[in-house]
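What follows is a single structure, written as structure tokens, with notes after it.
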Amino acid sequence: MYHGRRVQNFELARLFYEMATLLEVRNESVFRVRAYQRAAQMLESLTEDIAAVAARGGLQKLPGIGKDLAVRVEEFLHTGRIDQLEAMRRDVPPRFLTLLEIRGLGPRTAKLLWDRLGVDSVERLEELCRTKEILNVAGIREKTCENILKGIAIWRAGRTRTLLPAARAVAEQVASALRAHGGVERLEVAGSLRRMRETVKDVDILVTSTEPARVIETLTSLPSVTEVIARGDTKVSVRHQDGLQVDLRVVEPSAFGAALQYFTGSKDHNVRVRELAKRRGLTISEYGVFEEKSGRRVAGETEDEVYAAVGLPWIPPELRENTGEIDAARNGGLPELITADRIRGDLHAHTDWSDGHLSLEKLVTAAEDRGYEYIAVSDHSRSDTIAGGLSIDELRAQIQQIRQL
DNA sequence: GCCGTTTTCGGCCCGACTGTTTTCAGTCG
Ligand SMILES: Nc1nc2c(ncn2[C@H]2C[C@H](O)[C@@H](COP(=O)(O)OP(=O)(O)OP(=O)(O)O)O2)c(=O)[nH]1
Ligand SMILES: [Mg+2]
Ligand SMILES: [Mg+2]
Numbered sequence: 378m379y380h381g382r383r384v385q386n387f388e389l390a391r392l393f394y395e396m397a398t399l400l401e402v403r404n405e406s407v408f409r410v411r412a413y414q415r416a417a418q419m420l421e422s423l424t425e426d427i428a429a430v431a432a433r434g435g436l437q438k439l440p441g442i443g444k445d446l447a448v449r450v451e452e453f454l455h456t457g458r459i460d461q462l463e464a465m466r467r468d469v470p471p472r473f474l475t476l477l478e479i480r481g482l483g484p485r486t487a488k489l490l491w492d493r494l495g496v497d498s499v500e501r502l503e504e505l506c507r508t509k510e511i512l513n514v515a516g517i518r519e520k521t522c523e524n525i526l527k528g529i530a531i532w533r534a535g536r537t538r539t540l541l542p543a544a545r546a547v548a549e550q551v552a553s554a555l556r557a558h559g560g561v562e563r564l565e566v567a568g569s570l571r572r573m574r575e576t577v578k579d580v581d582i583l584v585t586s587t588e589p590a591r592v593i594e595t596l597t598s599l600p601s602v603t604e605v606i607a608r609g610d611t612k613v614s615v616r617h618q619d620g621l622q623v624d625l626r627v628v629e630p631s632a633f634g635a636a637l638q639y640f641t642g643s644k645d646h647n648v649r650v651r652e653l654a655k656r657r658g659l660t661i662s663e664y665g666v667f668e669e670k671s672g673r674r675v676a677g678e679t680e681d682e683v684y685a686a687v688g689l690p691w692i693p694p695e696l697r698e699n700t701g702e703i704d705a706a707r708n709g710g711l712p713e714l715i716t717a718d719r720i721r722g723d724l725h726a727h728t729d730w731s732d733g734h735l736s737l738e739k740l741v742t743a744a745e746d747r748g749y750e751y752i753a754v755s756d757h758s759r760s761d762t763i764a765g766g767l768s769i770d771e772l773r774a775q776i777q778q779i780r781q782l
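551 is the number that the numbering used here gives to position 174 of the first sequence; each next residue is one higher, with no gaps.
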């Protein structure tokens, strides 16, 4: 496969996302907004350089690129800019779009505040909330004001994504706490955690239960939960003490498969699967797969069933990103994922001879436990004495010991 | 703005929760 320079793909994707946001603020059709977002998402996963695609006249063959967007792409490739974007930028203050990074503050409210009070930055917004001046705007009352201040505090805290292992630790802690109380039948970690993304925004947990209220009550009253963000009959969002948001969804046991498929995502993957369903006269939600006409439920117990209903094999969560896995699945071309048991050995390990933790014996035992065929001992040498590097004599001694093991 | 193993026009994924509103828009998952 051809791999060219793809920096321009990402730069253009960023511009299309920005155009989508600006169109949203201008109250343009949500479908037009989504067209820009889809084009941007396609560019991010495109393996060929967009300039190369343009050069061979293939722009409009790309999914999500039609007549208009092809013109924008060409304009960007020739001039490095997009006129329409520049024009839209001029209509809002320079820092206006950062307002949309505040949780719960969307394009409509941001625009309203700019129109009515000239809110052009987070700082100005905070001031107006503190002085309660913001309450002069029709449709904004005390609660909204409070929520904006909370949102600004989180925005200030800054961390937007968390490394997978740290998030997994939180997920496991919450999961066992939920199981320890009653009402939980099945529990699965879903979302980007289940898809094994390197970083995640939050922890998504799916539970099946015949007593949803009980499970939701359990989560909201855990000692490790510091704030209840939203709470209803089927789902609840809370903040965990370490700052991570935890989203819990509760459905009845018969909807397990459909709910897990929904809650695992990704969003773009879900949209694609649901589009396939529509073409077959079906509709998919977290409650199941339904015939559009009769409303009859045709699947939902397992993920397998859900995918089968749209003519697809089960797709591993790690691949559910709408980056080609759906076409691959349709053509029976899903890759076989590499699993941990395929690792045959490790060519880089330190021992307590330098700065490692394990003794030689323990290192070898650990390697054998994992079924490794080989392990390389690569302790520091005398060139790095700070890290306990081995002298020539020590190295000879270590080699001796290895031979005896 | 894009798109079509029914369509070149009329759809576009689908649903929960909140605050503010007298019936729903906005935001988020
Ligand atoms: N059908 C549908 N499903 C959605 C939509 N938004 C979110 N979901 C589903 C798929 C997501 O994986 C799942 C959890 O949402 P999140 O916002 O937590 O995203 P996700 O966990 O994928 O990534 P992140 O939390 O950002 O690391 O909910 C949507 O607009 N439509
Ligand atoms: Mg998530
Ligand atoms: Mg979530």
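Just so it is clear, CB atoms sit at the ideal spot from N, CA and C, and this is done for glycine as well.
#1: What residue ranges within the segment 431 to 457 form continuous alpha helix (DSSP H) runs of no fewer than 4 residues, ordered along the chain?
#2: Mind pulling the alpha helix (DSSP H) runs of 4 or more residues that sit fully within the segment 537 to 575?
#3: Under 8 angstroms from any heavy atom of ligand 3, does the C-beta of GLN622 make it?
#4: Which complete alpha helix (DSSP H) runs does the segment 660 to 694 hold, if anything under 4 residues is left out?
#5: Tell me where the alpha helix (DSSP H) around SER422 begins and ends.
#6: If you follow the alpha helix (DSSP H) that ASP610 is part of, which residue opens it and which one closes it?
#7: Could you give the first and the last residue of the continuous alpha helix (DSSP H) run that contains GLN622?
#8: Taking C-alpha atoms, which residue in THR700, ALA548, ARG759 lies nearest to LEU420?
#9: Report the three-state DSSP secondary structure of ASP460 (helix, strand or coil).
#10: So if DSSP puts VAL584 in a beta bridge, which residue, or which two residues, is it bridged to?
#11: Between ALA543, TRP491, ARG626, ARG433, which has its C-alpha nearest THR585's C-alpha?
#12: Would you say the beta carbon of GLY722 comes nearer than 8 angstroms to a heavy atom of ligand 3?
#13: Could you give the distance in angstroms between the alpha-carbon of LEU446 and the alpha-carbon of TYR413?
#14: Should GLN618 go down as buried or exposed, given a rule of 16 or more other Cβ atoms within 10 Å for buried?
#15: By the three-class DSSP mapping on this structure, what secondary structure does GLY528 have?
#16: Tell me the rounded alpha-carbon separation between ARG433 and GLY483.
#17: Return the CA-CA distance between VAL402 and ASP492, expressed in angstroms with no decimal places.
#18: Below 8 angstroms on the Cβ atoms is my guess for ARG415 versus GLY441; work out the distance and round it to an integer in Å.
#19: Go to ALA743, then tell me how far its alpha helix (DSSP H) extends in each direction, as first and last residue.
#20: Between the Cα of PHE473 and those of GLN461, ARG501, ARG449, spot the shortest distance and give me the residue it belongs to.
#21: Given that a residue counts as buried once 16 or more other Cβ atoms are within 10 Å of its Cβ, and exposed if not, what is LEU439?
This is what the structure gives:
#1: 444 to 456
#2: 541 to 557, 568 to 571
#3: Residue 622 sits at position 245 when you count from the first residue of the first sequence. Flag set: Cβ of GLN622 near ligand 3.
#4: 680 to 686
#5: In the first sequence, the residue the question calls residue 422 occupies position 45. SER422 -> alpha helix (DSSP H) spans 407 to 422.
#6: By one-based count along the first sequence, residue 610 stands at place 233. No alpha helix (DSSP H) contains ASP610, which DSSP labels as neither H nor E.
#7: As a position in the first sequence, residue 622 is number 245, starting the count at 1. Element bounds for GLN622: not the alpha helix (DSSP H) but the beta strand (DSSP E), 622 to 628.
#8: As a position in the first sequence, residue 420 is number 43, starting the count at 1. Checked all of THR700, ALA548, ARG759; the closest Cα to LEU420 is THR700.
#9: Numbered from its first residue, the first sequence carries residue 460 at position 83. DSSP places ASP460 in helix when its eight states are reduced to three.
#10: As a first step, residue 584 is located in the first sequence; it is residue number 207 there, counting from the start. DSSP output for VAL584 lists LEU564, VAL627 as bridge partner(s).
#11: Counted from its first residue, the first sequence places residue 585 at position 208. Nearest C-alpha to THR585: ARG626.
#12: The residue given as residue 722 occupies position 345 in the first sequence. No, ligand 3 has no heavy atom inside 8 angstroms of this Cβ.
#13: Position 69 of the first sequence holds residue 446. Position 36 of the first sequence holds residue 413. Going from the Cα of LEU446 to the Cα of TYR413 covers about 8 angstroms.
#14: What you label residue 618 is simply residue 241 of the first sequence in a count that begins at 1. When all chains shown are included, GLN618 counts as exposed.
#15: Along the first sequence, read from residue 1 onward, the residue named residue 528 stands at position 151. Of the three classes helix, strand and coil, the one that applies to GLY528 here is helix, per DSSP.
#16: Counting from one through the first sequence, the residue named residue 433 turns up at place 56. Counting from one through the first sequence, the residue named residue 483 turns up at place 106. If you take the alpha carbons of ARG433 and GLY483, they lie about 40 angstroms apart.
#17: Looking up residue 402 in the first sequence gives position 25. Looking up residue 492 in the first sequence gives position 115. So the two alpha carbons sit approximately 11 angstroms from each other.
#18: Indexing the first sequence from 1 puts residue 415 at position 38. Indexing the first sequence from 1 puts residue 441 at position 64. Confirmed, Cβ separation roughly 4 angstroms.
#19: Along the first sequence, one-based indexing puts residue 743 at 366. From DSSP, the alpha helix (DSSP H) with ALA743 extends over 737 to 746.
#20: In the first sequence, counting from the first residue as 1, residue 473 sits at position 96. The option with the nearest alpha carbon to PHE473 is ARG501.
#21: Position 62 of the first sequence, counted from the start, is the residue given in the question as residue 439. Buried is the call here.
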